[in-house]
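Report on the structure given below.
In the working numbering, the protein residues as written are -7 to 213.
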């Protein structure tokens, strides 16, 4: 049975193996050229989960997630299956001052339009922000250089903010009690009487320390 037919059994999105598509996805912004066996367009996260599970159960195959393909290191190229998330997984949730939820295939340029309506920006943008998708901005870079843990250390404050929300929700649902006065974490300190400048400056200091800690591990390697 052909690979495409096997994948279509459980995959809701498009599954393509024509020569034109394979040749198109054999290139990114780098000088490399690697032709995949198959290109798929997942409809949602469930499609991706099923695809990864299939690849795990079928040795010899792998899944490489691709967004805008603006990477200059060959990161989104693969000899196996390429999953393009820009076609369907490109939605954004409600934009709030303390964050928003974005699917990995959303282009930064579209994301920026939404945030600017609220007077907000995501300052950590690359020079190619008009071309790149959010899913690849940090994730692909970290995975390509095999420093996923370092990314979590450098962005430790954001990790703590996210964890504080998870802990708060889980605790309240299971016990009816709150661990923090309010989540995310910075609101907890607001409720304790800290002023906004105190929180911002102290979080800055923590962010710098975490960034230095993460970068120091790169030096040691």
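Glycine is no exception: its CB is placed at the ideal position from the N, C-alpha and C atoms. Remember, predicted model here, so these are calculated numbers, not experimental data.
Just to confirm my understanding: we take residue i, look at its own chain, exclude 5 residues before and 5 after, and list those with CB closer than 7 angstroms. What are they?
i           : result
residue 200 : none
residue 53  : 47, 72, 73
residue 39  : 3, 4, 5
Taking residue i as the reference, which of the options has the closest Cα?
i          : options          : result
residue -5 : 24, 32, 22, 186  : 32
residue 5  : 26, 145, 30, 184 : 30
residue 90 : 174, 7, 205      : 174
residue 28 : 38, 62, 66, 0    : 66
residue 96 : 50, 165, 59      : 59
residue 82 : 56, 34, 109, 112 : 34
Can you list, in chain order, the residues of its chain whose CB lies under 6 angstroms from that of residue i, leaving out five sequence neighbours each side?
i         : result
residue 2 : 42
For residue i, I'd like the list of residues in its chain whose CB is within less than 8 angstroms of its CB, leaving aside the five on either flank, ordered along the chain.
i           : result
residue 212 : Here the model assigns residue 212 a pLDDT of 45, short of 50, so the residue's position is not dependable and the matter cannot be decided.
Quick one: grab the DSSP three-state call for residue i.
i           : result
residue 113 : coil
residue 99  : strand
residue 9   : coil
residue 148 : helix
residue 19  : strand
residue 159 : helix
residue 32  : strand
residue 194 : helix
residue 215 : Since the first and last residues shown for the chain are -7 and 213, residue 215 lies out of range.
residue 44  : helix
residue 213 : Residue placement at residue 213 cannot be trusted, given a pLDDT of 45 that sits under 50; the coordinates are not used to answer.
Using 8 angstroms as the threshold, is the C-beta distance between residue i and residue j below it?
i           : j           : result
residue 78  : residue 125 : yes
residue 69  : residue 36  : no
residue 177 : residue 153 : yes
residue 94  : residue 107 : no
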